[in-house]
Amino acid sequence: MDFSDSPEERVYREKVHAWLSANASPAVAEQDLSVVADADNVPRAKEWQARKWAAGYAALTIAKEYGGGGEAPIKQVIYEQEEAKFDVARGTLDIGLGICIPTVVVWGSDAQRDRYVKKALSGEEVWCQLFSEPSGGSDLAALRTRAVRDGERWIVNGQKVWTSGAHFADYGLLLARTDPAAPKHKGITAFIVNMKAAGVEVRPIRTMAGSAEFNEVFFSDVSIPDSDRLGPPGQGWQVGLSTLMHERMKAGKGFGLAGWKKMLDIARNARIDGAPALKDSRVRERIADNWAQEQALRLLSFRAQTALSQGGIPGPEQSISKLVDGTLAQQAAAFMLDLVGEPAVYAAGSDSPLRSVYSSWMWAAATRIAGGSDEILRNVIAERVLGLPTDARPDKNTPFNEL
Amino acid sequence: MDFSDSPEERVYREKVHAWLSANASPAVAEQDLSVVADADNVPRAKEWQARKWAAGYAALTIAKEYGGGGEAPIKQVIYEQEEAKFDVARGTLDIGLGICIPTVVVWGSDAQRDRYVKKALSGEEVWCQLFSEPSGGSDLAALRTRAVRDGERWIVNGQKVWTSGAHFADYGLLLARTDPAAPKHKGITAFIVNMKAAGVEVRPIRTMAGSAEFNEVFFSDVSIPDSDRLGPPGQGWQVGLSTLMHERMKAGKGFGLAGWKKMLDIARNARIDGAPALKDSRVRERIADNWAQEQALRLLSFRAQTALSQGGIPGPEQSISKLVDGTLAQQAAAFMLDLVGEPAVYAAGSDSPLRSVYSSWMWAAATRIAGGSDEILRNVIAERVLGLPTDARPDKNTPFNEL
Amino acid sequence: MNFDFSDDQKALGEQLRRALDKASPLGETRRVMMEREPYSRAAWTVLAEAGALGAAIPEAYGGVGAGPLEVCIAAYELGFALASTAYASSFQCSSALLRWGSDLQKEKWLPALASGAAIGTVAFSENGAGIEASAISTVVREGKLYGAKQAVLDAMSADVAVVSALQDGKPLLCVVDLHSVGVTRVPHDCIDPTRPSGDLVFEDAPCSVLQNTGFSSAQEILNLGAVVLAFEQIGAAERALFMARDYALVRKAFGQQIGAYQGIKHKLADMYLKIETARVHAYWGAWAISTNAAELPLAAAGARVMATEALDSAAKENVQVHGGIGFTWEHDCHLFYKRSRAYALALGPALRWKEQIMRQLERANVS
Amino acid sequence: MNFDFSDDQKALGEQLRRALDKASPLGETRRVMMEREPYSRAAWTVLAEAGALGAAIPEAYGGVGAGPLEVCIAAYELGFALASTAYASSFQCSSALLRWGSDLQKEKWLPALASGAAIGTVAFSENGAGIEASAISTVVREGKLYGAKQAVLDAMSADVAVVSALQDGKPLLCVVDLHSVGVTRVPHDCIDPTRPSGDLVFEDAPCSVLQNTGFSSAQEILNLGAVVLAFEQIGAAERALFMARDYALVRKAFGQQIGAYQGIKHKLADMYLKIETARVHAYWGAWAISTNAAELPLAAAGARVMATEALDSAAKENVQVHGGIGFTWEHDCHLFYKRSRAYALALGPALRWKEQIMRQLERANVS
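First to last, the protein sequences are chains P, X, B and H. Numbering of the first sequence is given in this note's numbering, commencing with residue 750 and proceeding in unit increments. Numbering of the second sequence is given in this note's numbering, commencing with residue 750 and proceeding in unit increments. Numbering of the third sequence is given in this note's numbering, commencing with residue 4 and proceeding in unit increments. Numbering of the fourth sequence is given in this note's numbering, commencing with residue 4 and proceeding in unit increments.
#1: Do the CB positions of H:A161 and H:A233 come within less than 7 Å of each other?
#2: Using a Cβ-Cβ cutoff of 9 Å, what residues of the region 263 to 285 of chain H are near chain B? List them in chain order.
#3: Would you call the region 1037 to 1046 of chain X in contact with the region 967 to 986 of chain X, where contact means no fewer than 3 C-beta pairs closer than 8 Å?
#4: When Cβ atoms are compared, which residues of the region 339 to 370 of chain B fall closer than 7 Å to chain X?
#5: Indicate the three-state DSSP secondary structure (helix, strand or coil) for H:T280 in the structure shown.
#6: Rounded to a whole number of angstroms, what is the C-alpha to C-alpha distance between P:E1066 and P:K813?
#7: So which residues of chain X does H:E128 contact, with C-beta pairs closer than 8 Å?
#8: Assuming the contact rule is C-beta atoms closer than 8 Å, X:M957 and H:T331 should be a hit. Round their C-beta distance to whole Å, please.
#9: So which of X:I1125, X:Q1079, X:R1117 has the shortest CA-CA distance to X:S1108?
#10: Rounded to a whole number of angstroms, what is the C-alpha to C-alpha distance between B:E38 and P:E1124?
#11: Would X:R955 pass as an interface residue toward chain H - the criterion being a Cβ-Cβ separation below 7 Å?
#12: Per DSSP, what kind of secondary structure is H:G288 in: helix, strand or coil?
#13: For the pair the region 239 to 258 of chain B and the region 1128 to 1148 of chain X, tell me if three or more CB-CB distances fall below 8 Å.
#14: For the candidate residues B:A117, B:S220, B:P190, whose alpha-carbon lies nearest to that of B:W440?
#15: Please identify, using Cβ separations under 7 Å, the residues of the region 1019 to 1040 of chain P that lie next to chain X, in order along the chain.
#16: With 9 Å as the limit, tell me which residues of the region 75 to 93 of chain B have their beta carbon closer than that to any beta carbon of chain P; keep them in chain order.
#17: Is the shortest distance between the beta-carbon of H:M246 and the beta-carbons of chain P less than 7 Å?
#18: Mind checking B:G172: buried by the 16 CB within 10 Å criterion, or exposed?
#19: Comparing the C-beta of H:F330 with each C-beta of chain X, is any distance below 7 Å?
#20: Which residues in chain X sit within 7 Å of B:L113, going by Cβ to Cβ distance?
#21: Check whether the Cβ atoms of X:Q878 and X:I848 sit closer than 7 Å, and answer yes or no.
#22: If contacts are defined as beta-carbon pairs under 8 Å, then B:V125 and B:Q95 qualify, I think. What distance do you get, rounded to the angstrom?
#23: Can you check the region 975 to 1021 of chain X for any alpha helix (DSSP H) of at least 4 residues that lies completely inside it and give the ranges in chain order?
#24: Less than 8 Å between the CB atoms is what I'm expecting for B:A285 and B:A317, so what's the real figure, rounded?
#25: Just reading off the beta strand (DSSP E) that B:L72 is part of, what are its end residues?
#26: If X:L1086 and X:L1103 are in contact, beta carbons under 8 Å, what's the gap, nearest whole angstrom?
#27: Step through the CB atoms of chain H and report whether any lies within less than 7 Å of the CB of P:Q1054.
#28: Measure the CB-CB distance between X:S753 and X:W802 and report whether it falls below 7 Å.
#29: How long is the line joining the alpha carbons of H:R33 and H:G329, rounded to whole angstroms?
#30: Which residue's Cα is closest to the Cα of H:H191: X:H995, X:G818, X:N943, X:S1099?
#31: Flag P:M750 as yes if its beta-carbon sits less than 7 Å from any beta-carbon of chain H, otherwise no.
#32: Is the CB-CB distance between P:Y920 and P:W876 below 7 Å?
#33: Please look up how many angstroms separate the CB atoms of B:S43 and B:S27, rounded, as I've assumed it's under 8 Å.
#34: Within 10 angstroms of its Cβ, does X:L990 collect 16 or more other Cβ (buried), or is it exposed?
#35: For H:L107, count neighbouring Cβ atoms within 10 angstroms of its own Cβ and tell me buried if that reaches 16, exposed if not.
#36: Quick one: does P:D888 have its CB under 7 Å from some CB of chain B?
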C-alpha cells in the first residue's frame, strides 16, 4: 500500500511534466469552472489542443492508428493531474474528446473515423453530445426526437436539452428514435449531426444561478446523410451505453464546490452570540464532518486510480462520490451562509466574499440531478452493486408508440 | 385559540378527578411501562377495571346499552389524562377494551355482544388481538392461518405472532383465511377464539431487550363454533380495518422513551475533553433539537384533541408522531450514551443510572417497526394525505393460493 | 382544548388566498425580481384592503383591533403565495411602537402603518455580528442618529424603521423616518431578489427614542417577527410541497408517474412531516403572542427553528423532484429555493435560535 | 498509486474468512454471550494459528514480523465474523510494549502475546471522564500501582494491561500482570455481552513503568486502536448490510420481494455508501500506521468517526429491514446492534474524535 507512482508511471509523469513546463505557465489559481462552457474560451482551448496534438497528447487512450496516444487509462489520469498544475484552457473540449470521439472510434465506419477523429483531436472541430430530452430526464431511453429515413438521408425533428457547448460545437453525437413501433430501447439510432446544418437551432438555457452554460437544441427537418449514421439502425441505445464506459475509465474529480477549507476561513472571522465561531463546537464538528466526507471522496479517487493503475476498471467510486458530494455541498453552503448570519443575504453580489458559497449552494442542487439523480444513483448501487431487484418497468417491452 | 377545556369538558374533568381521588392514590412516578404486559399485573388491573365498571367508567365511548359510558371520544381523552395522575394499573387491558370489544360491538351479533362485552368491561375477562403472522409483517392481509368449516364449527391451524397478553387472555380476536381461492383481502374471516381451548399454545417471544412482553400463539386443530364467527365469512379484512378506526379516535401519547430532560440531566454531569458537557454547543444544540421535536409531538396531540373536542376525527397526527418519535429516540439514546463516554458500556446493568437510556435505545428500534413500520407510514402519508399513487401491488387481485 | 384558529380567522385566510392568487401569483413575484422592485404593490394592496396590515393595531390608531392571530393567518397566506411584501417587518415595527411609543409617536406612524400608506421595518443587525448588544456602534446624540445597520430586510421599501442604538452607552430603540435627510439606503444584490435587504446608513439623521427600551426590547421584537415569519415559511413550504406533489403526479419515468416510486413518495412524506411539526410550533407561537405568555421566547425560537428547517427542506427537495427543469430560471422552483435561505438568514440563523431554546430550557429546568 | 492491500494480505484475509466461518460463526458469538464467557477461545485459536496475533511483532519476539497492514486485514475479518476477541486491545498492548518497553519487558510479554498464550489490553479511562490527563488519579509509587480504571475493554479476558498512571505527578504508561496480587477485576453487565468490559482495581499491585512515556503515549496507542477497531467496525457493518440485503431478497410483502421497493433499496444503498466511504478512511489509517506517517492522528480520527457511523447505521437499519423478527433475541440482528454501540463507546465517543480532527485541521491550515 503506497501512494506513489510505479516506476513506469513516474517516468511518464516526468515526461509529461517536462513537456507541460516547456509549453505552458504554472497555474496561479484554480481555474474558474464557469468559463468551461463559454464560447469565448473556445479559441484558447482549440489552440492548446492543437499543441497537444502536435506533441502526441491529444487523446491518450485512443489507439495510435486514429491519432491517439494508445496509452492505458492511467496515463490519461497522470496527464490530467499534471496538466491541472498549469494555466491552460481545460474542460471545454472534454465532452467531444472524452465521450463523442471515443464512441466514433468504437462504432464508426473507417470513413467516419477518417473524416472526424483527427479533426477533433487536433482541435479543429468541436463536438457536443445530444442525448437528453425534456420528456426524458433520468429515463434517457424515453427520447422522442424522430429520425425518419428518406432514401439516403434521415430527416430529424425534435428537441434536445442540457446540451453543453452546443452553441460553439461543429458536430454533435445524436440519439434519435427511428423505429417507434419497437420497444423503447430498441428503436433508437445514433447519428453524427452537423451543428451548422439548416434546421438546427441552439437556444441558451438560463439556470437558477443566472448563467447560461447549457442549451436547448431544436431540430426542424434537419437532413443527415445515411453515411453519418453511427452504428446499425436500432442500435443507438448500445452506442449510448458505450459512452458510459468511457466515462467510467476516469479516476474521478470533485465538482469544485465550496468545502471545509472555506468553512474554516469563514469560521475564523465569524462570531456567534458574541463569541468567535471557531470556539463553537457545533462549528468545529461541522468542519470535521465536512473534512471527513471530502477526504473520503479524495481517497475514493485514489481507489479508482489504483484500479486503473493495475489495468482494471474502477468500481462504483464515481457514483458514490457524486451522491456524497451534492448533498454535502448543499448543506455545507447553507451552513456557511448561516455562520455569517444576516449579512450573508448579500452573498449574491459579484464582489461578495461569499459569492463562491452562494454559487456552490446553487450548483450543488444541480449536482444532485445532472448525470444521474440521487435517486437513480441509489437505484444503480442497489441493483448493480448489491444485486437487488430492478424497479418494476411496465414500459420495458411495449412498443414505444403504444406507451 | 386556547388550551383550556370547554365548560362541559371542565365539568367532566372535575367529576372524573373527584372520583379518582376518592378511589386511588396519586401517582408517585411514571408507571413502569414494562409491567403492562406482565401477568403479575393482571389481578390488579382486573380489580381496578371492576371498580371503573361499577362507577360507569369502564369504557367511555361504548354505547350505554352495552355497558359503556356512551360518551364522545374527547371524554375518553380527558379520563385518561386524569387517570394518568393516579397510581392505578393501566395498559394491561387496553387492547381488549380499546380494540377488541369495540369491534365486537360493531360487528357482533346480539348474542355475542351479550356474552362478551359486559364480562370484558367489568374486568372479568381479558382479551388479546390475533392479527399478525410471521409471514405477514407489514402485509397483514398475507395471513396464512387457516380456518376450515366443518359443519357448525371451524377448525383453525396456523400461527400468530407479536401477541401481547396472549399468556393471560381469556379470549382473542382472530383473523384467519377461510377462502384461499379468493384474492388475499377477500378470503379472510374474523373469529372470537377461546384462548383456553384445546390446541391453543402460547409461547413467549424473547426480545433483543431480553424481556418477553409478546407471544407467539400456535393453533393446532382448534375448534371454534360458528356462533363465535364475527361478521360474515370473507369480511374479516373489513373487521380488521374497523379496529384501526378505534385506534385513531385517540389523542396520541408518547412511547415513554428517554428524551431531552434525561439528556439535560446527563449533560449536567458529563464532561467532554475535560470541560463540562453543558458548555459544549453540540450538546446544547442536540438538547434544543430534541426538545423541539418532542414539543411538536405534544402539540400534535393537542391538535388531535382539538379535533375530538370539536366532534371531528383526528388527522394523521399519530402517524407523524410515531415516525418522528422512533428515529428521534433511537438517535437521542445513542447520543446520551456517547455523552457519558466509555463508562456507558455499563448501561445494561439493572442498577445503572443509564438503564432507561439503554432500554430506550432498544425499544426505539421496535417503535420504528411495530404498528406500521417507518416505510409503511411514509407510504400511508404519501398515498392517503398527499394523494400519490399506491405502490404496484402485483398480488392484489390474484387468488391467494396462486401467489 | 381549542388549539386551532377560529372560523373567522380561517375565513380571513381563505379570502386572502383568493385575493393573492389573483393579485400576486408567482408571476408577480417574478416580475418584482425582473424589474428590481423592492416589493409587490399588488400584494400590499390586497393586505391593505383585507385589513390585514392593521390587524393587530387598535382601532384608535386606524387599525382593525383584531390581534396577532390574524397577523399570523395573513403571513401564512403570504408565504403560500410567495408574495414580496414587508408584512412581518411592518408588524414588528408597529409592535415596537405600540409597546414603547409615546402618544405622539403612535399617532404619527400607526395609522399609516395600519392603512398601508407606510411600510415599516426594524434594523438591529450591524458589523456582521447579528443583533448582540456588544456589536451596536450606532449612537443617538441629541436626537440625531449616527451609524450603519446591515442586512436590513425591507430597507429598500420601508418608510419608517425601528432602530437599535446606544445613547449614553446604553442600548435602546428609536424610530426613524427613512425619508429624512441623513438617511442613506444602500442596495445590495441579495440571495432572494424578491425580498431584498439593504444597509441603512445614518449621518445626522433625526430620530425619536422609544421610552423604556433596552437591549431586551430588540429580542422581544425579534421573537414576534420569528413567529410571524414562521407562518410565512410554512406557507411557502407547503406551496413547494404541493408543487412537487403535482409534478410527481404528471411526470413519468420508466413507464410510470415518478410519484409512484417510494424514492419520491417517502421524500414528499418527509417534507410533509417537517411542515406539520413546524406548523404546530408556529400555532403555539401564535398563541404565546396573543396571550403574551411567558413561554414566548421558547415558542418563538421553536417556531423559528422548525419553520426554517421545513422551508429549507421543502424548497430544496422541490428542486430535486423537478429534476433539470427545476434548475432553470424559467421554472419557479428557484424562487422558493432562494426565499428559503433569505428567510433562514433574516432575523438570524437557527444556530442562534437554538441557543435561545437551550437557555430557556435550562431556566425552566434548574436541577 | 497502489491504494490497496497486497495479494498476500488479501490471501490472509480469505484464509481467516474461511477459518472464522467454521470456528466462529454467529452461533459461537451467541454462545459466548449465553455462557457469559469473556471471549471466544475458538476465534482466538484461529488468529493464533494464522499468525495474526503476532503479525506486527518482530520475529525476534516470536512474531511474524509482517506489519500492521496484516493486523488490519485480520481485524476486518473478525468484524465480519462478529467474533468475540480482544484482538485490537492485544495489538494496542503489544504496540505499547514494542515502542516503549525495555528488553526485559518485551521478552517477558511479546512472545506470549504473539503466540496467543497471553491476551493484552490497555486501560486508560477512569472517573467517567475518558482518557484526559486531568482525570488520571491512578498512581505508581515504588513500583506498585494504586487506583482504578473503568470500562476497560477486555478487562475480563486479558492477562496483561498497559495502564496510564501518574508517577511524581507526571503521566506515564506502565505494564501490569493482571494475575498479580493486588489486581481486582470487577465485572459489569455490558451493552454488548459478547465483548465485555470491566473495571480494573489496583491496590499495591506490582507494575513496571514503560520508559519515555507520557500522556501523549496513551493518545498514540488510542490512534492505533482506532484504526484497527475501524476495520472491525467496517467488517461488521458489511456483514450487517449483507444480512439485510439477503433478507430483502427473500422476504416478500404485498406480492414482491421487499428489496424491490425503493424504500428498502435506497436504505441499503445508503448503508453501502457509508461503509465504502469509511473503508477508504480505514485504508488511509492503515497506511499511516504502516508508514508511521505524520497524518496518523488525523487518519485515525477520520477512520474512527466514519467507521463508527457506518456500523451504527448498518446495525440499526439491518434491524429495520428485518422488521419484527429483527427485534427478537433469537435472531442475530441484535448482536450487531449491541456491538455497534459497544464499539462506538470503546476508545471514546465520536464527539471526542471529531475534536481531534478539527485540531489537526487547524494545525495544518494556519491562516
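Just so it is clear, CB atoms sit at the ideal spot from N, CA and C, and this is done for glycine as well. Just so you know, these numbers come straight off a predicted model, no measurement behind them.
Once the coordinates are examined:
#1: One-based indexing of the fourth sequence puts residue 161 of chain H at position 158. One-based indexing of the fourth sequence puts residue 233 of chain H at position 230. Not closer than 7 Å, so no.
#2: Y264, Q265, G266, I267, K268, H269
#3: no
#4: K357, E358, I360, M361, L364, N368, S370
#5: Here residue 280 of chain H is taken as the residue at index 277 of the fourth sequence, counted from 1. If DSSP states are grouped into helix, strand and coil, H:T280 belongs with the helices.
#6: Within the first sequence, residue 1066 of chain P is the residue found at index 317, counting from 1. Within the first sequence, residue 813 of chain P is the residue found at index 64, counting from 1. So the two alpha carbons sit approximately 29 Å from each other.
#7: The residue you call residue 128 of chain H lines up with position 125 of the fourth sequence. Here residue 128 of chain H is Ser; the residue named in the question, Glu, does not match the sequence. Result: G1090, E1091, P1092.
#8: Here residue 957 of chain X corresponds to residue number 208 of the second sequence, with the count starting at 1. Here residue 331 of chain H corresponds to residue number 328 of the fourth sequence, with the count starting at 1. The Cβ separation is near 7 Å, so the contact holds.
#9: Along the second sequence, read from residue 1 onward, the residue named residue 1108 of chain X stands at position 359. The shortest C-alpha separation from X:S1108 is found at X:Q1079.
#10: Against the third sequence, residue 38 of chain B aligns to sequence position 35. Against the first sequence, residue 1124 of chain P aligns to sequence position 375. Their backbone Cα atoms lie some 37 Å apart in a straight line.
#11: As a first step, residue 955 of chain X must be located in the second sequence, where it is residue number 206. By this cut-off, X:R955 is an interface position.
#12: Position 285 of the fourth sequence, counted from the start, is the residue given in the question as residue 288 of chain H. Here H:G288 sits in helix by DSSP.
#13: yes
#14: With chain B running from 4 to 370 in the structure shown, residue 440 of chain B is simply not present.
#15: D1029, S1030, R1031, E1034
#16: none
#17: As a first step, residue 246 of chain H is located in the fourth sequence; it is residue number 243 there, counting from the start. It does not: the Cβ of H:M246 has no partner Cβ on chain P nearer than 7 Å.
#18: The residue labelled residue 172 of chain B in the question sits at position 169 within the third sequence. Flag for B:G172 reads exposed.
#19: For this step, residue 330 of chain H is matched to residue 327 along the fourth sequence. Chain X, which has a Cβ nearer than 7 Å to the Cβ of H:F330, makes this yes.
#20: The residue given as residue 113 of chain B occupies position 110 in the third sequence. Under the 7 Å cutoff, chain X gives no residues; its nearest Cβ is about 25 Å from B:L113.
#21: Numbered from 1 along the second sequence, position 129 holds the residue referred to as residue 878 of chain X. Numbered from 1 along the second sequence, position 99 holds the residue referred to as residue 848 of chain X. Result yes, Cβ atoms of X:Q878 and X:I848 sit closer than 7 Å.
#22: The count along the third sequence starts at 1 and reaches residue 125 of chain B at position 122. The count along the third sequence starts at 1 and reaches residue 95 of chain B at position 92. Right, their Cβ atoms sit about 5 Å apart.
#23: 985 to 997, 1009 to 1018
#24: Within the third sequence, the letter at position 282 stands for residue 285 of chain B. Within the third sequence, the letter at position 314 stands for residue 317 of chain B. Contact flag wrong, Cβ pair sits at about 14 Å.
#25: Position 69 of the third sequence, counting from 1, holds the residue named residue 72 of chain B. B:L72 -> not in any beta strand (DSSP E); alpha helix (DSSP H) instead, spanning 71 to 84.
#26: Your numbering for residue 1086 of chain X matches position 337 in the second sequence. Your numbering for residue 1103 of chain X matches position 354 in the second sequence. With a Cβ gap of about 7 Å, X:L1086 and X:L1103 count as contacting.
#27: Here residue 1054 of chain P refers to the residue found at position 305 of the first sequence. Yes - at least one Cβ of chain H is within 7 Å of the one on P:Q1054.
#28: Counting from 1 along the second sequence, the entry for residue 753 of chain X is found at position 4. Counting from 1 along the second sequence, the entry for residue 802 of chain X is found at position 53. Their beta carbons are not under 7 Å apart, which means X:S753 does not touch X:W802 by this criterion.
#29: The count along the fourth sequence starts at 1 and reaches residue 33 of chain H at position 30. The count along the fourth sequence starts at 1 and reaches residue 329 of chain H at position 326. Their Cα atoms are separated by approximately 15 Å.
#30: Numbered from 1 along the fourth sequence, position 188 holds the residue referred to as residue 191 of chain H. H:H191 has its Cα closest to that of X:S1099, out of X:H995, X:G818, X:N943, X:S1099.
#31: Here residue 750 of chain P refers to the residue found at position 1 when the first sequence is read from its first residue. Cβ-Cβ to chain H under 7 Å: yes for P:M750.
#32: Within the first sequence, residue 920 of chain P is the residue found at index 171, counting from 1. Within the first sequence, residue 876 of chain P is the residue found at index 127, counting from 1. Yes, the Cβ-Cβ distance between P:Y920 and P:W876 is below 7 Å.
#33: For the purposes of this step, residue 43 of chain B is taken as residue 40 along the third sequence, with counting starting at 1. For the purposes of this step, residue 27 of chain B is taken as residue 24 along the third sequence, with counting starting at 1. About 6 Å separates the two Cβ atoms, so the contact holds.
#34: Numbered from its first residue, the second sequence carries residue 990 of chain X at position 241. Exposed, by the Cβ-count rule.
#35: Working through the fourth sequence from its first residue, we reach residue 107 of chain H at position 104. The residue is exposed, with fewer than 16 neighbouring Cβ atoms inside 10 Å.
#36: Along the first sequence, read from residue 1 onward, the residue named residue 888 of chain P stands at position 139. Yes, P:D888 counts as interfacial toward chain B.
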